[in-house]
Structure formats: structure tokens, C-alpha cells
Amino acid sequence: MHFVYRSHYEGLMSKWVRRLPDPTVLAWFRRGWACDDPEQWVEDDLGVEVYGLDDFFVGVQKSRLPPPQTTDELRALLHEHLYVEYDPDDCIRLDEHTLRVRTDDDEVELAYFFLDDDTASKAPDRLAYLLHEWPLPAHADRPGPFTPDVPVTALSPAGGDETTYAVFLTFYDGESMARCPPLAFPGVDLPNLARHLRTTPTRDTWQPELLVLKALIGPAEDDLAPALERCNRWPGFNLNADPWPDLPDDHDVAHRRALEVLEQAEYLDDRRPETSRLLVSDHLAQLAMHCGDSFGHQQWFLFDTRWAATHPDLARSLLRYAEHWDPLDR
Numbered sequence: 444m445h446f447v448y449r450s451h452y453e454g455l456m457s458k459w460v461r462r463l464p465d466p467t468v469l470a471w472f473r474r475g476w477a478c479d480d481p482e483q484w485v486e487d488d489l490g491v492e493v494y495g496l497d498d499f500f501v502g503v504q505k506s507r508l509p510p511p512q513t514t515d516e517l518r519a520l521l522h523e524h525l526y527v528e529y530d531p532d533d534c535i536r537l538d539e540h541t542l543r544v545r546t547d548d549d550e551v552e553l554a555y556f557f558l559d560d561d562t563a564s565k566a567p568d569r570l571a572y573l574l575h576e577w578p579l580p581a582h583a584d585r586p587g588p589f590t591p592d593v594p595v596t597a598l599s600p601a602g603g604d605e606t607t608y609a610v611f612l613t614f615y616d617g618e619s620m621a622r623c624p625p626l627a628f629p630g631v632d633l634p635n636l637a638r639h640l641r642t643t644p645t646r647d648t649w650q651p652e653l654l655v656l657k658a659l660i661g662p663a664e665d666d667l668a669p670a671l672e673r674c675n676r677w678p679g680f681n682l683n684a685d686p687w688p689d690l691p692d693d694h695d696v697a698h699r700r701a702l703e704v705l706e707q708a709e710y711l712d713d714r715r716p717e718t719s720r721l722l723v724s725d726h727l728a729q730l731a732m733h734c735g736d737s738f739g740h741q742q743w744f745l746f747d748t749r750w751a752a753t754h755p756d757l758a759r760s761l762l763r764y765a766e767h768w769d770p771l772d773r
């Protein structure tokens, strides 16, 4: 069985992945039912402190409740004793093969997942990214086609066979999951995205991350990598920062203004851009941006049809990861 903790505090990918020996969710809870120290047992067994999970074991032990014999019994106990910040009927999702939980710690949203091996093997188009570690594979040797299975926001007129997709896993307040829907640039592959951005008029629907990326592309640059390196040093990507100074529509002027912001950058919360990770290949750009000690890294992914067709499960599950907290949501 797999355990995944989707947490902004955990590593380059803001998630923690661990294999467990138990065949089912029910078996894992039964194994820990009578543990001497629930807080320590949960942390030792899962390898991470999971917000609110140890309190469940504390609660059932104080009530001297017997271990559940069925999934239905476990579900009733979870709804009664598992602490979550939201409606338990929506945010505690248990079936015979999985447990998916959404909560928050009064600062940011968190989610955790227990997924048996059968589920992981049968739903790679939903779970491949959730289970993957840094970095994603860069090779891309299939020309297509690729069709997303979640809604994406198209930001350029359709044209041509190639599309570039943009996933910005960024946040600026406590609503920190599925904040930015996936974006698409139909008719543009990744090698041509920099030129497309710097020559395309800005639209009101563009997300702030995209505005900053465009402004940091040099007037003659067709390579995306230098602009992404500058984005990593942009001072606004932090929960406590003000990231979006007004930038003019004229690209040359906006670029000069953006470079001035970089030169005067002051970082909050011990943010260290040098600890970020940036990898750019022909058809995939991936950035794990260190945004501060409090909330770790935020991730940007830009990929085109050729990469998505080579890695369709990773591509579809990444788009889904940006679209909803629960990858198995129907």
C-alpha cells in the first residue's frame, strides 16, 4: 500500500510518499489501534507527522473502542473521531481500497491518501504524478496526440497540432490547493513558448505567474530557461509577500521594470532561491521554487504535446493534481 501526504512543508514536490506493508487501509488502522503512543507511532510508521491523524487513535483509545472489523465500521469511526477542518462527509473519503482526507492546519490546506496496490496499478492516469518523486522524466520521443481529461483554460487561438500546458502549483493564502487551473496554449510547443509569450498581447485572464514569466523573458530571448531562472529569484513568491507590482503592457518596458524589481529583491521567511531546482529540456520545464522556510517549495511545470504523449499518465495526473485535491474524484 502507498501513503502520500500532500503538504507544502514536505520537500521539493510538496508531498511525502511512503510504501507500507499493509494490504488494506483497514489493516493499517487495525495495526495501530492499540499503539502505546499514537503521535510517535504515526510519525514512525508513516515517516512524517500528519496533521490530526494521531488524534484519531487518541480518541478511540480514550473511548476504549474495539478495532473495526469492516470498512463500514472504520468509516463511522473516522467520521466521529478523525479531526478535519471541513465537512467530514466530503473530506473523509473511504472505500475498500483507499482513504482520501482533506484538512488544513489554519495556515494552508493539506491532504493525505492511503492507496492500495490494486488502485495504484489500475489508475495511473490519476495517480502517477501523486506517487512520483522529483524530477519528472524529461525524454519526449512521441509526436502525439494527447487529450487532457480535466478542464484546461486555453490562452491562445487553436492552431497546429502542438499544445503547451502550464501548471502553477502556487498559492498566496490559506486556499492553497487547486488554486490555479491548468492552462493551455494551443498551437504552441514548448520551444516556441518564450517567443509566443513575449509577442502576444497580455490578457486580463492571464494569471499573475504568467505575467511575471512574460515580463522576465528578454526582448530577444527565445529560450525559456533564463526567464524561469529569473522567476526563481522574483521576490513575490511567498505567502507573506506582495508579489504583483503593476507592470506595463509594453513588453520591453515591462521587462526593464521587472529586472529592476529583481535587482532590489528582498526575501522574507529565509527564502533561498539557490536551493530551488530548475530543469529545462526541449519539451518539459520543471521548477521547484524555494519560497521560504515556513512553506517550503512551490512547483511550476510547463510541457507540450510531445512530452505528454510520451508520458500520458504523468501528464494527465499532473493536470488533475492541479485541478482537484482528490485525484480519484469523479
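Take the sequence shown: its position 166, counting from 1, is numbered 609 in our numbering, and each next residue is one higher.
Each residue gets a CB set at the ideal place from its N, CA and C atoms; glycine is no exception.
Considering only the alpha carbon of each residue, which of the options lies closest to residue i?
{"i": "M444", "options": "G454, R462 and H451", "result": "R462"}
{"i": "P625", "options": "V491, F557, F744 and L654", "result": "F744"}
{"i": "K565", "options": "A583, H540 and K657", "result": "H540"}
{"i": "T513", "options": "F557, T467, A477 and D533", "result": "T467"}
{"i": "Y572", "options": "H767, L633 and L761", "result": "L761"}
{"i": "D584", "options": "T607, T748, F738 and G630", "result": "T748"}
{"i": "A581", "options": "L722, E672 and R449", "result": "L722"}
{"i": "G735", "options": "F746, H754, D712 and A728", "result": "D712"}
{"i": "D548", "options": "D538, Y494, P586 and L542", "result": "Y494"}
{"i": "G630", "options": "L654, L598 and F680", "result": "L598"}
{"i": "F680", "options": "C478, F746, A731 and H726", "result": "A731"}
{"i": "D488", "options": "V460, K505 and P510", "result": "V460"}
{"i": "E453", "options": "L667, D604 and V491", "result": "V491"}
{"i": "A554", "options": "R473, P531, C674 and V696", "result": "P531"}
{"i": "D616", "options": "A477, D465 and S737", "result": "S737"}
{"i": "F614", "options": "T606, T607, H639 and Q650", "result": "Q650"}
{"i": "R474", "options": "R720, A697, K505 and P511", "result": "P511"}
{"i": "K505", "options": "A477, E652 and D560", "result": "A477"}
{"i": "Y608", "options": "F746, D666 and H639", "result": "F746"}
{"i": "R720", "options": "W577, D559 and R518", "result": "W577"}
Here's a check: name, in chain order, each residue in its chain whose Cβ is nearer than 6 Å to the Cβ of residue i, leaving out the five neighbours to either side.
{"i": "T645", "result": "D692"}
{"i": "H524", "result": "F499, G502 and V503"}
{"i": "D497", "result": "P481, E482 and V485"}
{"i": "H694", "result": "R641"}
{"i": "P591", "result": "L762"}
{"i": "R543", "result": "R536, F556 and D769"}
{"i": "E605", "result": "D632, D747 and T748"}
{"i": "Q742", "result": "L612 and A731"}
Over what stretch of residues does the alpha helix (DSSP H) that includes residue i continue unbroken?
{"i": "H694", "result": "H694 to E706"}
{"i": "D488", "result": "P481 to L489"}
{"i": "D560", "result": "D560 to K565"}
{"i": "H522", "result": "T514 to H524"}
{"i": "L757", "result": "P755 to E766"}
{"i": "P629", "result": "First-last for P629: L626 to P629, but that is the beta strand (DSSP E), not the alpha helix (DSSP H)."}
{"i": "L537", "result": "Per DSSP, L537 belongs to no alpha helix (DSSP H); it is in the beta strand (DSSP E), I535 to L537."}
Roughly how many angstroms separate the alpha carbons of residue i and residue j, rounded to a whole number?
{"i": "R426", "j": "W484", "result": "What is shown of the chain runs 444 to 773, which leaves residue 426 out entirely."}
{"i": "T718", "j": "Y710", "result": "13 Å"}
{"i": "A701", "j": "P600", "result": "27 Å"}
{"i": "L612", "j": "E516", "result": "36 Å"}
{"i": "D647", "j": "G602", "result": "21 Å"}
{"i": "W750", "j": "L520", "result": "44 Å"}
{"i": "P634", "j": "V610", "result": "17 Å"}
{"i": "D769", "j": "E618", "result": "15 Å"}
{"i": "E672", "j": "P716", "result": "9 Å"}
{"i": "R699", "j": "C534", "result": "46 Å"}
{"i": "D791", "j": "S724", "result": "In the structure displayed, the chain extends from 444 to 773; residue 791 sits before or after that span and is not available."}
{"i": "L696", "j": "M456", "result": "A small correction: the amino acid at residue 696 is Val; Leu does not occupy that position in the sequence shown. Looking at the two C-alpha atoms, the distance is approximately 34 Å."}
{"i": "T562", "j": "P509", "result": "28 Å"}
{"i": "L469", "j": "E652", "result": "42 Å"}
Would you please state the rounded distance, in angstroms, between the beta carbons of residue i and residue j? I believe it to be under 8 Å.
{"i": "V551", "j": "H451", "result": "5 Å"}
{"i": "H740", "j": "R714", "result": "The Cβ separation is near 10 Å, so there is no contact."}
{"i": "F556", "j": "W471", "result": "That belief does not hold up - the Cβ atoms of F556 and W471 are roughly 12 Å apart, past 8 Å."}
{"i": "R676", "j": "A708", "result": "6 Å"}
{"i": "R545", "j": "Y526", "result": "R545 to Y526, Cβ: 12 Å. No contact."}
{"i": "P678", "j": "V704", "result": "7 Å"}
Mind checking which residues open and close the beta strand (DSSP E) that includes residue i?
{"i": "D465", "result": "From DSSP, D465 is part of no beta strand (DSSP E); its letter is neither H nor E."}
{"i": "C734", "result": "L727 to G735"}
{"i": "L745", "result": "G739 to D747"}
{"i": "T541", "result": "T541 to D547"}
{"i": "A601", "result": "A601 -> no beta strand (DSSP E), and no H or E assigned at all."}
{"i": "L721", "result": "R720 to V723"}
{"i": "H445", "result": "H445 to R449"}
What do you reckon, is the C-beta of residue i under 7 Å from a heavy atom of the ligand GTP?
{"i": "P588", "result": "Ligands are entirely absent from the displayed structure, and the ligand GTP is therefore not among its contents."}
If you drop the 5 nearest sequence neighbours on each side, which residues of the same chain put their C-beta closer than 7 Å to that of residue i?
{"i": "A670", "result": "A637, L656, L659, I660 and E664"}
{"i": "L757", "result": "A571, Y572, H575 and L579"}
{"i": "D689", "result": "none"}
{"i": "T753", "result": "H582, A583, D584 and R585"}
{"i": "F589", "result": "T748, A751, A752, P755 and A758"}
{"i": "D666", "result": "A637"}
To which residues of the same chain is residue i closer than 8 Å at the C-beta, ignoring the five residues directly before and after it?
{"i": "K783", "result": "Given that the chain is displayed from residue 444 to residue 773, the structure contains no residue 783 and the question cannot be resolved."}
{"i": "E766", "result": "V593, P594, A621, P624 and P625"}
{"i": "R569", "result": "R759, S760, R763, P770 and L771"}
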